[in-house]
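Right, one structure below, let's go through it.
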Amino acid sequence: MTHTTTTDPSEAAAAPAAAPLLDLHGTVALIRAFETAVSALYRDGEIPGFVHTSLGQEGVAAGVAAALRPDDYLATTHRGHGHVLAKGADVDAMMAELFGKVTGLGRGKGGSMHVADPRIGILGANAIVGAGIPLIVGAALSSKLLKQDRVAVAFFGEGAVNQGSFHEAVNLAAIWDLPAIFLCENNLYAEFTDSSTMTRVGSVAERTIGGYGVHAVTVDGNDAAAVHAATTEAVDRCRRGEGPVLIEAMTYRWHGHYEGDGQPYKTEEEATRWRDRDPLVVLGARIVAEGLATREELDAVERAADERIEQAVAAARAADLPAGEEAYEHVFGA
Amino acid sequence: MTHTTTTDPSEAAAAPAAAPLLDLHGTVALIRAFETAVSALYRDGEIPGFVHTSLGQEGVAAGVAAALRPDDYLATTHRGHGHVLAKGADVDAMMAELFGKVTGLGRGKGGSMHVADPRIGILGANAIVGAGIPLIVGAALSSKLLKQDRVAVAFFGEGAVNQGSFHEAVNLAAIWDLPAIFLCENNLYAEFTDSSTMTRVGSVAERTIGGYGVHAVTVDGNDAAAVHAATTEAVDRCRRGEGPVLIEAMTYRWHGHYEGDGQPYKTEEEATRWRDRDPLVVLGARIVAEGLATREELDAVERAADERIEQAVAAARAADLPAGEEAYEHVFGA
Amino acid sequence: MSSAPELTTTRYMHAINAGMADVLEHDPTAVVMGIDVGVGGGIFTVTKGLAERFGTDRVIDTPISEMGYVGAAVGAAMTGLRPIVEIMFMDFLGVCLDPIMNQAAKLRYMTAGALEIPIVFRTQTGSGKSAGAQHSQSLEAMVAHIPGLKVVLPGTVTDAKDLLVQAAADPNPVVYVENRRLYSMKGTLDDDPLPLGQARVAVRGDDVTVVTWGQMVRECVAAAEASSASIEVIDLRSLVPLDMATVLESASRTGRLLVVHEAVQDFGAGAEIAARGAEELFDLLRVPVRRIGAPSVPMPFTPTLEQVLMPQGEAVARTAEAMVAEG
Amino acid sequence: MSSAPELTTTRYMHAINAGMADVLEHDPTAVVMGIDVGVGGGIFTVTKGLAERFGTDRVIDTPISEMGYVGAAVGAAMTGLRPIVEIMFMDFLGVCLDPIMNQAAKLRYMTAGALEIPIVFRTQTGSGKSAGAQHSQSLEAMVAHIPGLKVVLPGTVTDAKDLLVQAAADPNPVVYVENRRLYSMKGTLDDDPLPLGQARVAVRGDDVTVVTWGQMVRECVAAAEASSASIEVIDLRSLVPLDMATVLESASRTGRLLVVHEAVQDFGAGAEIAARGAEELFDLLRVPVRRIGAPSVPMPFTPTLEQVLMPQGEAVARTAEAMVAEG
Ligand SMILES: Cc1ncc(C[n+]2csc(CCOP(=O)(O)OP(=O)(O)O)c2C)c(N)n1
Ligand SMILES: Cc1ncc(C[n+]2csc(CCOP(=O)(O)OP(=O)(O)O)c2C)c(N)n1
Ligand SMILES: [Mg+2]
Ligand SMILES: [Mg+2]
């Protein structure tokens, strides 16, 4: 009933013919530009709070989101900017939220760890490790009971797999055959910890098959096309009513756990090896090799992404802070 | 590194030569007598609160406890009378506790779901499903760090396996290579629910191997000798420092989830099939077949057990209730 | 309570059941979830018959995975369903506080109203049944302290139904707290329910205002009948919203305020009411505000010790009388 | 605070670290557990150097499994170890309340003293850092309400160390609550620590007694200096045990009592102190007991809105002055 496919991250997976490589490239470039800007803005004190960037992991966000419909659900984690952007959140409203401005997705009340836009299925980032996973099971339950044909995707890190909520939620989706996709971004570290030291079974996909009988696959997270293909297949299974799927996307975060973390716990060699497999470069090389675009065209796309983010930053800077009385609003609905 | 042994409950497992069959029989008989009495006493309103008996499951308690040293740790559940008795708790103090008398193990403050005797390693029953499992991981951690060579056993039902605490605790024991034994009494039901409907992977042993890389075996829980053999092996592994083991003992509860539950959710056929494999009868037949004792001798042991329990009941009836001011004692230690 | 002929007499537990049936009947997006709430009908038979009537798709049995299924219920509430999710004993908040406290209570606010979480967390409390320290806690103070949660506690048969129906219709997360000792209590259903958030004067009186909720309403009403003091009993019905207006109106008349709850007194919900009462009525109170709650001790198993610790109607009467004697 | 030459000056966070080092050094059964508390030194560097000094066997990194490792710490405390277990943010009680509330707090009682649970639950709270609604809660009222738990909240550098050392020596479960905004605060270590359970008069004054703890001690001390009212600031240091004697002595002198905390005011711990103060000092108070806490709103992300909701020293000074003006 279930199987695991392990893709060696060092060899690019064969992508399906229909992989929207140029779209994926555009999304990866946008997230890259966004996170790069956010990192600098945070360093310069323009963004308050905690910030966790997804630099190096953008291929997962792009690949997953491209396989989803606007009305599909998504919930994510503290490291969720990329997922939310890829799902279609307004870039200006995202950036403004990180600045805490009234033009932000949550009018400045949520911040980096709580960006959401339910109109396009984004149920929000979450600052409690593992907490988004049951929420997505609930969204999948809604979809099934309301006969809506929507798929619900929970992003989480491999560190979250040791949280009880993962276990309980995956099992629920399994017994209820829900259209839920558990999207584990395995970036090898949880905060300062090498995650392989925190479990005997390093493969999240294997744990899921063994523990819950849920279909699970491992995919090269730095290959957006491979992620897209795996997600498309998972979405199809879900829409066909075949129950949940777990996708373990192997990837790597370039920056620290939070901005400011110097990462003494990583080796230079490891970091370099992964940087060499930059998802933007992987995608670009493939596109050029397949003749879908030239390097110059891609450069233009990447520059446009940078400019789009600069605009968003300028808009966020110019925007107002919420008025003081807003502090008391939105506690209860009437 | 790990494997599973599935014993068909319909065929008795070959017991190791050293199996203390007569001791096991004595323990099973004692628990049987205790639980039978408790069931009647509860029905008659002599015992307050909730009571969950382990009738039909006594072979597990006896087999496990016989493999343990007095200083090994044990924690159990709402269905823990048998485990606690088998580990050596004073019968009078146990019975008195259920009566809420001052001579009880907890001076009447704990009751059926909270019997404990730390002097002989019994860290207590627990009324929160799954909560004893992390506690036992902690006891195993103590044993390891204090270099005490003690093994710690957590009893729990198959229903508890869907609680996050199971998942987190087993994983902790695995990564820390702790001398912990996870003893799942799989009696097929959790309250009114057929537990096979609450997971896709019915075998708890398989879930444990797949999810945590922990050595796990399945054993016929109605064969006390088989349980004893499996536990002895697990204890040896633990004492050798080879890390945790999960034992899934297949068994069946004769009575309702709590006393008073009429069990409409079970079929007569199923109940009869399991009653036919009464652990007391299984053990008796084996003993007689091996010529270790005659049927008459076993009957005498069983009668003696009944008498011992009658004594305990008489003593509990005669004992005092705790004085009112005791209500305020034991909140904090000084 | 009125005895007009058209009022239906039923039991507290059946009123809860009727409330759920009502909700399931009138709102196709409503679902009931919890351990053995479906085919089994609930361990206290409170959900009996609902699965048969509305199907197991809408009356959903869950595994023993509170963190998972309560979280899933919250996610379902964000996406078009209106779950009534059962936490079998309030003590089990220990294993599922996060989805209630950190998710349901906060998501509307964090998203500036973009997310709506219409959900009812149904649970029950109650000491006095030898259920032991882990199955006897009244933890309403915990949830009342968390902004974004409403907290209702029916103490009468009609409220058992009315508050449930209102909670299910509310666009916010509501913690609905039953008391197990009331399950078999008989009473009538009102035709014209009070709104959620409004306290009810259960007994009129002149000497002492007793504010209470849940199981203690019954005890206090009995105390009022038995006492030589003229006791006005206010059944608060909900802690959030907190109807201090009714409390203050009454206590300003009586000049004496006594707050009573089954929960532990220290840092209990009664402290909030006492603190507000004492502040607002500083010049009007004839004697200090008094509180009656359980002492700061886990609930013991044995019935005699439980009786020692549990707040009782008798103590209410005696304290009220002492307050009258005092000034 | 005295400035005797032998006093060591350090920072709050280093005092916590020194407290843990002390405990690990003098008690071979002590262990420190938590997420990244070991080699990583803690996400706020509070445990820095401990793993190097005492080994990773005693300064133990855990997976992100709070229910599991906090429960394991409780089990370890029952069996010979003395764990100091970290819950990284107090908000994470949402995922590990059971081992604290239902196990550690109750097991001694349920076993009539046969089990002893010497454990410290180290956690931190604090708004004002744009950490968002799920990382800013002060939840001391929740744990103070549970019988069987002690609750201490250091508001000074010396208490950061002293209360930790005392908590670790205590045979009971102690919730030890740091405030993140104090981490870099400098101060001195006392040679002669106050015992756990005793409040400290931080500032002497005649007009108004301000009772507070944690981060608000600093704010209130500043308010006392800035205010035209003569404010006596009492640093409560622990909620359980609750040193009402010191509070009552002071407020009976000043005739005015103001309770201040960073946590949400409604159903907060301040209500207990206010209720007791108003009751005990009924005839002595010149004006009603006042409270200052956060409004019943989740903590927003953006700094300006946070500032709107967070209790501040300025409000303390203003309220104290108004109380003096009032009577
Ligand atoms: C319940 C809970 N425990 C701990 C934390 C602190 N924390 C935030 S992120 C994180 C690491 C998460 O690791 P992983 O799931 O692998 O995600 P990644 O950061 O690698 O994307 C931790 C421990 C938290 N937010 N919630
Ligand atoms: C956290 C929690 N959820 C629910 C319950 C209610 N409850 C008590 S026993 C039980 C069933 C346990 O089933 P299983 O683990 O299979 O043990 P068995 O009763 O079969 O021995 C449930 C749901 C509880 N006590 N604790
Ligand atoms: Mg990670
Ligand atoms: Mg079972």
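Protein chains in written order, with the numbering used here: chain A, 61 to 394; chain B, 61 to 394; chain C, 252 to 578; chain D, 252 to 578.
Glycine is no exception: its CB is placed at the ideal position from the N, C-alpha and C atoms.
Given the structure is predicted, the values throughout are model-derived calculations rather than measurements.
Quick check on LEU536/C: buried or exposed, where buried means 16 or more other Cβ atoms within 10 Å of its Cβ?
buried
Measuring only from the beta carbon, is VAL288/D closer than 8 Å to any heavy atom that is part of ligand 1?
no
Buried versus exposed, by CB contacts within 10 Å (16 or more), ARG335/B:
exposed
Determine the burial state of ALA121/B: buried for a count of at least 16 other Cβ atoms within 10 Å of its Cβ, exposed for fewer.
buried
Using 8 Å for Cβ pairs, my map puts GLU470/C next to VAL394/C. What's the rounded Cβ distance?
The beta carbons of GLU470/C and VAL394/C sit about 22 Å from each other, so the pair does not count as a contact at 8 Å.
If you follow the alpha helix (DSSP H) that GLY322/C is in, where does it begin and where does it stop?
317-328
Simplified DSSP state of PRO554/D, which is helix, strand or coil
helix
Per DSSP, what kind of secondary structure is ASP83/A in: helix, strand or coil?
helix
Does DSSP put ARG103/A in a helix, in a strand, or in coil?
DSSP places ARG103/A within a helical segment (H, G or I) once states are collapsed to three.
Along the chain, which unbroken stretches of the alpha helix (DSSP H) at least 4 residues long are found entirely within the region 243-299 of chain A?
264-272 and 284-299
What residues in its chain sit with their C-beta under 6 Å from that of CYS298/B, if we drop five residues either side in the sequence?
A distance below 6 Å between beta-carbons, with the five flanking residues on each side excluded, links CYS298/B to the following residues of its chain, in chain order: VAL211 and PRO239.
Does the beta-carbon of MET339/C, which I'm using as the reference point, lie nearer than 8 Å to any heavy atom of ligand 2?
yes
Where in the region 159-237 of chain A do unbroken runs of the beta strand (DSSP E), each at least 3 residues long, occur, reported from the N-terminal end onward?
182-184 and 212-217
Between which residues of its own chain and ALA199/B is the CB-CB distance below 6 Å, once the five residues before and five after are set aside?
TYR133 and ALA212
Who pairs with MET284/C in a beta bridge, going by DSSP?
According to DSSP, MET284/C shares a beta bridge with ILE311/C and VAL336/C.
Check whether the Cβ of ASP287/C lies closer than 9 Å to any Cβ atom in chain B.
yes
Bounding residues of the beta strand (DSSP E) (the contiguous stretch that carries ALA135/A):
133-135
Determine the direct distance from the alpha carbon of ILE368/D to that of HIS386/C, and round the result to whole angstroms.
Those two C-alpha atoms are separated by around 20 Å.
Using the three-state DSSP reduction, which class does THR354/A fall into: helix, strand or coil?
coil
Kindly indicate the opening and closing residues of the alpha helix (DSSP H) around MET361/C.
356-361
Relative to the alpha-carbon of PRO551/C, which residue among GLY303/B, LEU195/B, ILE307/B and GLU386/B has its alpha-carbon at the smallest distance?
GLU386/B
Compare the C-beta of ILE52/A against all C-beta atoms of chain C and say whether one is closer than 9 Å.
Nothing about residue 52/A can be read from this structure; chain A reaches only from 61 to 394.
Can you determine whether any heavy atom of ligand 1 sits closer than 8 Å to the C-beta of THR249/A, and answer yes or no?
The sequence given here places Tyr at residue 249/A; Thr does not occur at that position. True, at least one ligand heavy atom lies under 8 Å from that Cβ.
Note down, in chain order, each residue of its chain lying with its Cβ closer than 6 Å to the Cβ of ALA327/C, except the 5 sequence neighbours on either side.
PRO334
Compute the minimum distance between the beta carbon of ARG267/A and the heavy atoms of ligand 3, and state whether it is under 8 Å.
no
Report yes if the CB atom of LEU490/D is closer than 9 Å to the CB atom of THR259/D, and no otherwise.
no
Kindly list the residues whose CB is nearer than 7 Å to the CB of ILE315/C, restricted to its own chain and excluding five residues on each side of it in sequence; keep chain order.
Answer for ILE315/C: ILE286, listed in chain order.
State yes or no: is the C-beta of GLU218/A nearer than 8 Å to some heavy atom of ligand 1?
yes
What residues in its chain sit with their C-beta under 7 Å from that of PRO130/A, if we drop five residues either side in the sequence?
Correct list, in chain order: GLY148, ILE180 and GLY181.
Looking at GLY303/B: is its Cβ nearer than 9 Å to the Cβ of ALA229/B?
no
Compute the Euclidean distance between the alpha carbons of GLY337/C and VAL290/C, then round it to the nearest angstrom.
Residue 337/C is actually Glu in this sequence, not Gly. Computed Cα separation, rounded: 15 Å.
Per DSSP, what are the beta-bridge partners of SER478/D in this structure?
Answer by DSSP bridge pairing: none, since SER478/D is not bridged.
Let me know if TYR388/B comes out buried or exposed under the rule of 16 or more other beta-carbons within 10 Å of its beta-carbon.
exposed
Can you tell me whether VAL88/A is buried or exposed? The criterion is at least 16 other CB atoms within 10 Å of its CB, across all chains shown.
buried
Expected contact under 8 Å - CB spacing of LEU358/B and HIS85/B to nearest Å
6 Å
Return the Cβ separation of THR460/D and GLU476/D in integer angstroms, given the expectation that the two are a contact with Cβ distance under 8 Å.
Between THR460/D and GLU476/D, the beta carbon gap of about 16 Å keeps them out of contact (Cβ cut-off 8 Å).
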